[in-house]
Amino acid sequence: MRPWLRRTLIVLAVLLVLAGAAYYWLIVESHMPGDASFALDIDRVRAAAAEIPGDKPASIELEEVALFTFPATGVVAGDGWQGTPLPVYSYRLIYPDSSIVVDTGMTEAMSDQLTSFDAAALSRVQAAMSTATQIVVTHEHMDHIGGLTSHPNLANVLPKARITREQLSHPERSLPAKFPDHALDGYQPLVYDHYHALAPGVVLIKAPGHSPGSQIVYVQTASGTELLFIGDVAWHFRNIELQRERARLMTMLFLKEDRTAVFGQLAALKRLHETQPAVHIVPGHDGPVIDALVAAGTLKRGFSP
Ligand SMILES: [Zn+2]
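Each residue of the sequence shown is one higher than the one before, counting from 125 in the numbering used here.
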């Protein structure tokens with residue numbers, strides 16, 4: 125073999141190996157780091173849920189505001205390139221004479237990546253925010269906070285919104301959702317450490333990782349049903365089941381996640397699922413999980429007028 129040809133082949137082989145390693149690392153690799161940990165003490169959460177006396181939520185409604193479709197490996201690393209659906213939800217906890225909105229959806233203008241959008245659903249969510257007694261978001265990303273930042277009567281609803289200090293401290297994480305200039309003047313964000321009793325049967329659990337302001341919303345209904353709205357700690361239950369994160373390309377380049385923190389939460393949620401199977405874990409964007417909870421009567425589709 126001629127020396128120049130030999131050199132060229134060696135360079136090509138090295139490049140191929142490097143490209144393969146980069147592909148594996150960015151698209152497929154998803155091992156649990158040794159130092160991943162997250163404390164989720166369900167007994168303390170249950171105790172906090174009983175801290176505020178009063179009736180617990182009688183029912184939980186949901187609206188599906190929009191639909192994204194991502195490559196499967198962006199949701200669960202190594203799952204391939206076929207499209208997988210990620211619906212965008214808003215929830216409403218119905219009390220005998222009040223209500224709480226959990227996550228607020230987004231507007232159609234906030235993304236050019238949407239597969240579909242339901243303007244009527246967003247209108248119902250924003251109307252529900254007007255009559256709600258409290259509004260919380262699992263985190264500051266636009267598909268969860270966007271229905272609030274774009275609310276047509278923000279001055280009316282903002283005083284009822286319990287947005288945390290962490291959720292407001294990184295406004296660039298919410299873009300293109302953005303509070304109008306001066307809308308937050310004088311606003312007192314919610315400040316808490318690990319658990320916060322929000323209302324009878326409702327506890328916020330701080331869970332930074334997917335974003336700095338991520339939190340989990342625990343709900344215990346009047347009938348004793350327990351749900352954990354985990355926001356985007358996991359987009360699909362499969363992340364918990366397989367203990368696999370989103371592809372690193374997604375978590376590093378687009379989300380700028382604390383991957384180790386999210387892995388710790390995935391491990392804690394799996395342990396909880398194994399030891400407390402009656403607690404319904406509700407991932408951020410998992411259509412089949414939601415469908416099953418609706419079929420079982422645990423969630424009701426559509427906000428009642
Ligand atoms: Zn989301």
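A virtual CB, placed ideally from N, CA and C, is assigned to each residue, including glycine.
| query | result |
| --- | --- |
| Tell me which residue opens and which closes the beta strand (DSSP E) that I259 is part of. | Q258 to V260 |
| Report all residues for which the CB-ligand distance to some heavy atom of ligand 1 is below 5 Å; order them along the chain. | D267, D356 and G408 |
| Based on the DSSP secondary-structure assignment, which residues constitute the bridge partners of L328? | H320 and V341 |
| Please look up how many angstroms separate the CB atoms of D221 and A346, rounded, as I've assumed it's under 8 Å. | About 13 Å; that fails the 8 Å criterion. |
| Check the C-beta distance from L210 over to T231 and give it rounded, since I have them as a contact under 8 Å. | Contact doesn't hold; Cβ gap of about 17 Å is too wide. |
| Rounded to the nearest angstrom, what separates I414 and Y215 at their Cα positions? | 11 Å |
| According to the neighbour-count rule (16 or more other Cβ atoms, all chains shown, within 10 Å of its Cβ), is Y311 buried or exposed? | exposed |
| Quick check on the DSSP output: the alpha helix (DSSP H) that includes F387 runs from which residue to which? | R383 to T399 |
| Taking only the alpha-carbon atoms, compute the straight-line gap between Q400 and I340 and give it to the nearest angstrom. | 17 Å |
| Counting only the same chain and skipping the five closest in sequence on each side, list residues whose C-beta sits under 8 Å from that of I218. | P181, A182, S183, I184, E185 and S428 |
| Run the CB neighbour count on W359, radius 10 Å, all protein chains shown included, and call it buried at 16 or more, exposed below. | buried |
| Just to check my reading of the structure: R286 and I259 have Cβ atoms closer than 8 Å, yes? What is that Cβ distance to the nearest angstrom? | 7 Å |
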